[in-house]
Amino acid sequence: MKNIVYIHTHDVGRFIEPYGYAVDTPNLKSFAGKSVIFRRAFDCCPTCSPARASLLSGQYPHQCGMLGLAHRGFEMYDQKKHLASFLRSKGYETALFGIQHETNKNPEALGYDRVFTGSDLDGIHLDAFGRDMARAAMACGFIESEHEKPFFLSLGLSITHRPFPDVFSEKDNPDMVKAPSPIPDTAECRSDWAAFSSAVRHMDRCFGCVFDTLSASGRYNDTMVLVTTDHGAAFPGMKCTLSDDGCGVMFLLRIPGHGGGKVSDALISQLDFFPTVCEWIGADPPDWLEGNSLMPLIYGSKSALHDAVFSEINYHAARDIQRSVRTDRFRYVRRYDDYKSGIVLPNIDDGITKRFLRREAGLESRQALPDEQLFDLYTDPSESFSVAFDKNYSDVLSSMRGLLDEWQHSTDDPVIRGGVPFPHGAKLNRQDGIDPINGDWI
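Just so we're aligned, residue 5 is where the sequence shown starts under my numbering, counting upward by one.
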């Protein structure tokens, strides 16, 4: 049997040990030695529900309908295009443990036969760490049980979502950590990063239980395993930002018998997972898929898969319409929104670092970003200085504009037809607000 295990968590980006960061994740480091590490994997949207719905439908957010957050009233146009539904139609047993963010309704509509979400733990006195470990333990029990059919298992953790638990691992001393750019190196921000690092460390322990169970049960030899996240970490300049810090994701894929310990620098999109699954199980890919199978990269028959990858933002806590194209060297960002007063603060999760930057650096009063930006990622990997209006880059700018225009037309992007639809009853913050939870609503 060819089983599929999809393990995911909130808001981690690539901040794990296999990608070179000083966040101790020994289980993922060990898993990396058995899988392919895609160092330049990107989501289709640096916000929660759209990123997940895209990965699991094989379509961009504006195609699958997930233009905003599920718990705020957005839904996929056709839930039968979800990977769980597709695999169930191919004879798979499908099970969900923990969180999903593709619907705010019954997850069984996505194609899951068995659902074990947070509600299964109601009445049990567990902290955030305990709840995620309990979800992982239930997933392990499912793996160990007898199965007459191949299975698709989704395990989703929530510990890495803000607010972070106010408990530090002894290895995450706030005085001895260094947060990555663009986070300031101050005592407050180090404390914030230490809390995030502790959450990631716990995530690693949960994932390790699954890896150990797959090995002990003998199922490693017939199970594809994907470890990924939805988007960048929940810090200013990361999550909900069309940049490498916002759209770059950890993406470790293990396929039995192929590519253990391999590293790929090829540009890939999370859209590529669905067609990879199809090729591995021998199913014809449905005609709605936008990505390409990763198998040529895994087998080594190709060293590249895409000349460019694309991402978008529509609605998060507040509206902020943007589109982006990323090539090996350049990123181009185009904004469509009429809001020109500054950064859309409700789209930055509340936390210590955000409060520090508001208080000390006037985050909300920063000048609004221009309608177009172009970054040379070779000379400016932090994407700090746009060269969109540098005459030396005029040909590059024209080419990147053309790539984005072509993609928008080929995918029928509603933004070029007059606007992005907003479902009746959906809940949004005002763009000039501050807090996504307790802010002003429209």
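From the three backbone atoms N, C-alpha and C, an ideal C-beta is built for every residue, glycine too.
query = In its own chain, which residues sit with a C-beta less than 6 Å from the C-beta of residue 42, not counting the 5 before and 5 after it?
reply = 255, 268 and 272
query = Relative to the C-alpha of residue 246, which residue among 178, 209, 375 and 208 is closest?
reply = 375
query = Roughly how many angstroms lie between the CA atoms of residue 328 and residue 221, to the nearest whole one?
reply = 43 Å
ask   = Grouping DSSP H, G and I as helix and E and B as strand, with all else coil, what is residue 56?
value = helix
query = Roughly how many angstroms lie between the CA atoms of residue 214 and residue 143, to the nearest whole one?
reply = 7 Å
ask   = Out of curiosity, what's the CA-to-CA distance linking residue 430 and residue 76?
value = 5 Å
request  = Could you round the C-beta distance between residue 189 and residue 198 to whole angstroms and report it? I think they count as a contact, below 8 Å.
outcome  = Going by Cβ atoms, the distance from residue 189 to residue 198 rounds to 13 Å, so no, they are not a contact pair.
ask   = Hey, would you say residue 347 sits closer than 8 Å to residue 244, going by beta carbons?
value = no
request  = Specify the secondary structure class of residue 364 as computed by DSSP and reduced to three states.
outcome  = helix
request  = Go ahead and label residue 4 buried or exposed: buried means 16 or more other beta carbons lie within 10 angstroms of its beta carbon, across all protein chains shown.
outcome  = Since the displayed the chain opens at 5 and closes at 446, residue 4 lies outside it and no answer follows.
inquiry  = Suppose you measure from the CA of residue 55 to the CA of residue 152; what does that come to, to the nearest Å?
reply    = 32 Å
ask   = Just reading off the beta strand (DSSP E) that residue 7 is part of, what are its end residues?
value = 7–13
request  = Less than 8 Å between the CB atoms is what I'm expecting for residue 73 and residue 52, so what's the real figure, rounded?
outcome  = 6 Å
key: residue 195 versus residue 361 - alpha carbon distance   = 14 Å
message = Please state whether the Cβ-Cβ distance between residue 218 and residue 147 is less than 8 Å.
response = yes
message = In the DSSP assignment, the alpha helix (DSSP H) including residue 280 goes from what residue to what residue?
response = 277–285
request  = Return the first residue and the last residue of the alpha helix (DSSP H) that residue 216 is part of.
outcome  = 191–221
inquiry  = Check this for me: beta carbons of residue 439 and residue 354, under 8 Å apart or not?
reply    = yes
message = Excluding the 5 residues flanking residue 159 on each side, which residues of the same chain have their C-beta closer than 6 Å to its C-beta?
response = 11, 101, 102 and 143
Classification of residue 98 by the beta-carbon crowding that lies within 10 angstroms, buried from 16 upward = buried
ask   = What number of angstroms, rounded off, separates the C-alpha of residue 257 from the C-alpha of residue 63?
value = 20 Å
message = Taking the beta strand (DSSP E) that residue 19 belongs to, which residues open and close that run?
response = Taken as a continuous stretch (DSSP letters only), residue 19 belongs to no beta strand (DSSP E), as it is neither H nor E.
task = Could you pull out every residue in the same chain whose Cβ sits closer than 7 Å to the Cβ of residue 323, ignoring the five residues on either side in sequence?
result = 341, 432 and 435
key: Which residues DSSP lists as bridging residue 400, in chain order   = DSSP output for residue 400 lists no bridge partner at all.
task = Could you check what DSSP says for residue 419 in three-state terms: helix, strand or coil?
result = helix
ask   = Could you check where the beta strand (DSSP E) with residue 103 kicks off and where it finishes?
value = Where residue 103 is concerned, there is no enclosing beta strand (DSSP E), given that its DSSP letter is neither H nor E.
query = Under three-state DSSP, which class holds residue 257?
reply = strand
request  = Grab me the residues of residue 321's own chain with a C-beta within less than 6 Å of its C-beta, minus the 5 sequence neighbours each way, in chain order.
outcome  = 350, 351, 433 and 440
query = What's the gap between the Cα of residue 400 and the Cα of residue 18?
reply = 28 Å
query = What's the gap between the Cα of residue 131 and the Cα of residue 163?
reply = 10 Å
key: Boundaries of the beta strand (DSSP E) in which residue 338 is found, first to last residue   = 334–339
inquiry  = Taking the alpha-carbon of residue 204 as reference, which of 420, 403, 20 and 250 has the nearest alpha-carbon?
reply    = 20
ask   = Which first and last residues belong to the beta strand (DSSP E) in which residue 274 is found?
value = Neither: residue 274 is in no beta strand (DSSP E) and is coded neither H nor E.
message = Whole angstroms are fine: how far does the CA of residue 6 sit from the CA of residue 392?
response = 48 Å
key: Limits of the unbroken alpha helix (DSSP H) element including residue 303   = 299–303
request  = Note the first and the last residue of the continuous beta strand (DSSP E) segment covering residue 380.
outcome  = 376–380
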